[in-house]
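Enquirer:
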Amino acid sequence: MNIFRICGDFMHLASIMILLFKIRSRRNCSGISLNSQMLYVLVFVTRYLDLFNFDLFMSFNKFYNWTMKIIFISTSVYIVYLMKFVQPICATYKKEADDKLPVLYLIVPCAVFAMIFIEFYEIQEYLWTFSIYLEAVAILPQLMVVHEYAKDQGGFVENLTSHYVFTLGGYRFMYILNWIYRVFTEKHYRSWYVWIAGLIQTIIYCDFFFYYLKALQTGTKTRLPF
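Residues 2 to 227 in the numbering used here are what the sequence shown lists, from first letter to last.
(1) Can you find a CB in chain C that lies within less than 7 Å of the CB of Phe-227?
(2) Give me the Cα-Cα distance between Val-147 and Glu-136, rounded to the nearest whole angstrom.
(3) Taking DSSP as the reference, what is the three-state secondary structure of Phe-227?
(4) What's the call for Gln-143, buried or exposed, on a 16-neighbour Cβ count within 10 Å?
(5) Kindly indicate the opening and closing residues of the alpha helix (DSSP H) around Ser-31.
(6) Compute the Euclidean distance between the alpha carbons of Ile-124 and Met-116, then round it to the nearest angstrom.
(7) Decide if the segment 199-210 is in contact with the segment 154-173; the criterion is three or more beta carbon pairs, one per stretch, under 8 Å apart.
(8) Cα separation between Ile-4 and Lys-215?
(9) With a CB to CB cut of under 6 Å and the five nearest residues on each side skipped, what residues in its chain are close to Tyr-150?
(10) Compare the C-alpha of Leu-102 against each of Leu-40, Phe-211 and Ile-201 and name the closest.
(11) Measuring straight from C-alpha to C-alpha, what distance separates Asn-62 and Met-2?
(12) Please specify which runs of the alpha helix (DSSP H), each continuous and at least 4 residues long, are wholly inside the segment 81-141, giving them in chain order.
(13) Around the Cβ of Glu-120, are there at least 16 other Cβ atoms within 10 angstroms (buried) or fewer (exposed)?
(14) Excluding the 5 residues flanking Leu-52 on each side, which residues of the same chain have their C-beta closer than 6 Å to its C-beta?
(15) For Gly-220, report the span of its alpha helix (DSSP H) as first-last.
(16) With contact counted as at least three CB pairs below 8 Å, one residue from each stretch, are the segment 41-60 and the segment 70-79 in contact?
(17) Which residues mark the beginning and the end of the alpha helix (DSSP H) in which Arg-27 is found?
(18) When you compare each of Glu-126, Lys-95, Ile-90 and Met-59 to Lys-23 by their alpha carbons, which one comes out closest?
(19) Whole angstroms is fine: what's the gap from Ser-77's alpha carbon to Leu-21's?
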């Protein structure tokens, strides 16, 4: 574990906390994609199949990873619960904006790619590989909802929503730095499928990063073209 990995994990955690703060404090989920949140639940559940391999005498690194897995799964499920069942939050969810990209259009190709581009054939390895590919594109419904929200607001994105998307994308960028660091410090470290998926995921964020950083520089709200 290195500083880039730790920073990435805490940026990921920060993005979740920002989203929860927005939903709980504002009592609404406008500008947030339920489809993306459900995809993240699927990502974490299929990736962390070793969650129940708990050992009281595990090392600090293993305990850290186990704790993060619990946090990511539980918070993601909680966010979905809030958006789907809790009033008045669920009443502010705009399904028509979220359904412009059906989730099956993302899940099915990732499931197929995981069968083709995989290190070795085993059910746990397949589900882990599937989760890597799915995470790369799980943000797409969210970005589409953000653009739809911005259209109704003169192009502007709510600050908490823009902070959430930026920190979520920033976590993946920090992981890329983590991989680069490991290449130079760990002998024989190679993970091409993970690297390519992570690079694609970061590229997807680039457009939003540009407008977010531009707004940060000028001290204004993030404004997207529409």
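Beta carbons: idealized from backbone N, C-alpha and C, even for Gly.
Expert: Quick answer:
(1) No chain C is present in this structure, which holds just one protein chain.
(2) Sequence index remark: in the sequence shown, residue 147 carries index 146 (1-based). Sequence index remark: in the sequence shown, residue 136 carries index 135 (1-based). About 18 Å.
(3) In the sequence shown, residue 227 corresponds to position 226, counting from 1. It is coil, neither helix nor strand.
(4) Along the sequence shown, one-based indexing puts residue 143 at 142. Gln-143 should be labelled buried.
(5) By 1-based counting over the sequence shown, the position of residue 31 is 30. Counting along the chain, Ser-31 falls outside any alpha helix (DSSP H), and DSSP gives it neither H nor E.
(6) By 1-based counting over the sequence shown, the position of residue 124 is 123. By 1-based counting over the sequence shown, the position of residue 116 is 115. Cα to Cα, the separation comes out at about 10 Å.
(7) Touching, yes, given that three or more Cβ pairs across the two stretches are closer than 8 Å.
(8) As a working mapping, residue 4 is identified with position 3 in the sequence shown. As a working mapping, residue 215 is identified with position 214 in the sequence shown. Near 27 Å, if we compare the C-alpha coordinates of Lys-215 and Ile-4.
(9) Along the sequence shown, read from residue 1 onward, the residue named residue 150 stands at position 149. So the list reads Gly-32, once near-sequence residues are dropped.
(10) For the purposes of this step, residue 102 is taken as the residue at position 101 of the sequence shown. Checked all of Leu-40, Phe-211 and Ile-201; the closest Cα to Leu-102 is Leu-40.
(11) Counting from 1 along the sequence shown, the entry for residue 62 is found at position 61. Counting from 1 along the sequence shown, the entry for residue 2 is found at position 1. Taking the straight line joining both Cα atoms gives about 8 Å.
(12) 96-99, 105-117 and 124-138
(13) In the sequence shown, counting from the first residue as 1, residue 120 sits at position 119. So Glu-120 ends up on the exposed side.
(14) Position 51 of the sequence shown, counted from the start, is the residue given in the question as residue 52. Taken in chain order, the residues that qualify are Lys-70.
(15) In the sequence shown, residue 220 corresponds to position 219, counting from 1. Taken as a continuous stretch (DSSP letters only), Gly-220 belongs to no alpha helix (DSSP H), as it is neither H nor E.
(16) yes
(17) As a position in the sequence shown, residue 27 is number 26, starting the count at 1. Looking at the DSSP string, the run of the alpha helix (DSSP H) that includes Arg-27 is 4-27.
(18) Locating residue 23 in the sequence shown gives position 22, where the first residue counts as 1. It is Ile-90.
(19) By 1-based counting over the sequence shown, the position of residue 77 is 76. By 1-based counting over the sequence shown, the position of residue 21 is 20. So the alpha carbons of these two residues sit roughly 10 Å apart.
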